[in-house]
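The structure appears below as structure tokens.
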Amino acid sequence: MKHGNNFALRFSHTIKFRVRHDSSPVSVSVSLNEKEYYQKEFKAGLTHDTEAKFVATVEDGVKNLLTIDFKGTTESPDRYLQVKNISVHGKKLNRYKNIYDPIIDPAWWEPLSEQEKDHYNDVIHINNGAHFGWYGRVVYEYYSGADQTSCYLNDASAEDRLTNSLAQWVFNDGSGVMFPWDEEKV
Amino acid sequence: MRIQLNNHYGRLRSCMVGGLDDRVLDSVEPHKRKKLEHIFAKTNKQLDGLQHKLESMDIEVFRPRCFDNSKKLVTPFFATAGHRVPLAPSDHFFISGNTIVEIASWSRESTFTGMHWRHVMRSGFQQGANWITMPTPLHDITEVDRLDSDIPNIDPIIDAPSFYLHNDHVFVSTVGAGNQLGVEWMKKQFPNKTWVLMDPEKFVGHLDSHFNILRPGLVASHRDKSDFPEYFKDWEFIKVDSVSRPSELLDTRLQDDDQENTVLSVNSLSIDSETILVERTYENNYNNFIPNLKKHGIKIEYVDFEFSHFFGHGLGCICAALHREDD
Chain P
1 MKHGNNFALR FSHTIKFRVR HDSSPVSVSV SLNEKEYYQK EFKAGLTHDT
51 EAKFVATVED GVKNLLTIDF KGTTESPDRY LQVKNISVHG KKLNRYKNIY
101 DPIIDPAWWE PLSEQEKDHY NDVIHINNGA HFGWYGRVVY EYYSGADQTS
151 CYLNDASAED RLTNSLAQWV FNDGSGVMFP WDEEKV
Chain C
187 MRIQLNNHYG RLRSCMVGGL DDRVLDSVEP HKRKKLEHIF AKTNKQLDGL
237 QHKLESMDIE VFRPRCFDNS KKLVTPFFAT AGHRVPLAPS DHFFISGNTI
287 VEIASWSRES TFTGMHWRHV MRSGFQQGAN WITMPTPLHD ITEVDRLDSD
337 IPNIDPIIDA PSFYLHNDHV FVSTVGAGNQ LGVEWMKKQF PNKTWVLMDP
387 EKFVGHLDSH FNILRPGLVA SHRDKSDFPE YFKDWEFIKV DSVSRPSELL
437 DTRLQDDDQE NTVLSVNSLS IDSETILVER TYENNYNNFI PNLKKHGIKI
487 EYVDFEFSHF FGHGLGCICA ALHREDD
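If you read the protein sequences in the order shown, they are chains P and C. To convert, note that position 115 of the first sequence is 115 in my numbering; the numbers rise steadily by one, no gaps. To convert, note that position 46 of the second sequence is 232 in my numbering; the numbers rise steadily by one, no gaps.
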């Protein structure tokens, strides 16, 4: 960009979720741009409603990957992670707009008919309702910027425009820079 | 091939239908690839289905001749990782009468996207159409210090759906997908038109997702009649349901939390003033729109375009009329 900038944006992140496994403990971890900010084990046999909260520094005019890993050791039909709400710096992200990479047993998947695979691909990629039954990784994307100007100048969404798979922008303006002394309120 | 367009409801004789080029998937991030492969594969089938449906209605259909969208573009002022897929021809061409205007988009990746339909433009030109192109914007970020609007007002830039043609009137959205110079440039090409600026607070971006004139005196919109200019004061309005506040999650293909992109049903495609093409998902999920269309004697034909909301395009985006007969 023309003059460069020295922005370091401090954005709060809140992920509200429900997690359950009927017979075995599971874990949920949350990372932003590959740095882990939250990790917790959940006991079996209970439905847990909780939230992961953290504040992180993000750059001006870039895309950020908010990654949720759902892990466990035992398969069960009564097991899931459900994302109820995600907000970044006060802006609500669309929880249905995710990229889900489930860990699927090939011994189950391969014998499925093409029609069944198509159905499950719809369930996985399109119509998961932010309700994730398989262990695996869920990615939410957002672009961060100081304001509309940095959105244009840094053009973080350029590659995503090729396929029209755009994420949301979260701007810092309007609510002001989050200074360290504000963080305790998050 | 004849180019002739005066409104959005004359009997449709020919149109462009968008396409997707899989080669662009080579340049997407690995974590998105599986999802996009699935979406592209299904959408390609559904675009073919749409083409067959239109052809069965005696409409000539033109598809893009895709070049490799993953090819990098480098100009003296900007570079891109590739080119936008040619899914929405309506974004790239404004047609009035027998004049085709290739627009200049705010999206740098769209600079060459209109060229997927070069064969159509050549054919139209050979058959007597007037064929003009907006100046290519430099997209030079060194000229921009700070934006005072969505898009820098340095070169003329505007997406075609920022204009909505209705015979001798053109309705204009000045924000969201274009700049003031883009509006001024277009006005100079059509000095005999009456230009009506829409409320910039309410009609942001592409107008064909705000309202759709079904025939003279009848318009479909999710907006209130009071939001519209004087021109529409004696018109009847068909209320299109907005799903921006869904009461329950029925289908994420239909509903999402993004209020800006959830009224794509407005963006349906009129075959003529009595028949409209609507995305099949809306068949059972709407309270007002479908019954109101029927009440006004509009015949509805359904087609599949499941990922309408994913792409942010309605049928009026992925089908661009080239020739409509005047009523």
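We treat Cβ as the ideally placed atom computed from N, Cα and C, and that holds for glycine.
At what residues does the alpha helix (DSSP H) containing Thr163 (chain P) begin and finish? 158-163
Comparing the C-beta of Ile99 (chain P) with each C-beta of chain C, is any distance below 9 Å? yes
Can you list, in chain order, the residues of its chain with a C-beta nearer than 7 Å to that of Phe389 (chain C)? Leave out the 5 residues immediately preceding and following it. Ser359, His396, listed in sequence order.
Strand pairing of Ala52 (chain P), partner residues [DSSP]: Ala52 (chain P) has P:Ile15 as its beta-bridge partners, per DSSP.
Going along the chain, which residues of its own chain have a beta-carbon closer than 6 Å to the beta-carbon of Ile424 (chain C), five neighbours each way excluded? Excluding residues within five positions, the ones whose Cβ falls inside 6 Å are Ala406, Asn478.
Can Ala130 (chain P) and Gln82 (chain P) be called in contact, C-beta distance under 9 Å? yes
To the nearest angstrom, how far is it from the Cα of Glu460 (chain C) to the Cα of Gly502 (chain C)? 16 Å
Residues that Ala210 (chain C) contacts on chain P, provided the C-beta gap is smaller than 8 Å: The residue you asked about is not Ala; residue 210 (chain C) is Val in the sequence shown. Neighbours of Val210 (chain C) on chain P, chain order: Leu162, Thr163.
Contacts around Phe493 (chain C), its chain only, beta-carbon distance under 6 Å, and the 5 residues preceding and following it disregarded: Ile225, Thr229
Kindly confirm or deny that the region 33-41 of chain P and the region 99-115 of chain P touch, where touching means at least three C-beta pairs closer than 8 Å. No, they do not touch.
Local Cβ density within 10 Å of His119 (chain P), reported as buried at 16 or more and exposed below that: exposed
Return the CA-CA distance between Tyr37 (chain P) and His13 (chain P), expressed in angstroms with no decimal places. 10 Å
Between which two residues does the beta strand (DSSP E) holding Cys201 (chain C) run? 198-203
Contact set between the region 478-505 of chain C and chain P, restricted to residues whose Cβ is under 7 Å from the partner: Phe497, Gly498
For His392 (chain C) and Asp341 (chain C), the rounded distance between their alpha carbons: Each residue's CA atom was taken as its position, placing Asp341 (chain C) and His392 (chain C) some 19 Å apart.
Is the Cβ of Asn121 (chain P) closer than 9 Å to any Cβ of chain C? Asn121 (chain P) has a beta carbon lying within less than 9 Å of a beta carbon in chain C.
Contact residues within the region 410-421 of chain C, judged by C-beta distance below 8 Å to chain P: none
Boundaries of the alpha helix (DSSP H) in which Cys151 (chain P) is found, first to last residue: 148-154
Tell me the DSSP bridge mates of Arg510 (chain C)? Under DSSP, Arg510 (chain C) shares a beta bridge with C:Leu198.
Hey, Ala346 (chain C) and Phe279 (chain C) are a contact pair by Cβ (cut 8 Å); roughly how many whole angstroms apart? 6 Å
Mapping DSSP to helix, strand and coil, what is Asn128 (chain P)? Coil, per DSSP.
Please state the DSSP three-state secondary structure of Ser296 (chain C). helix
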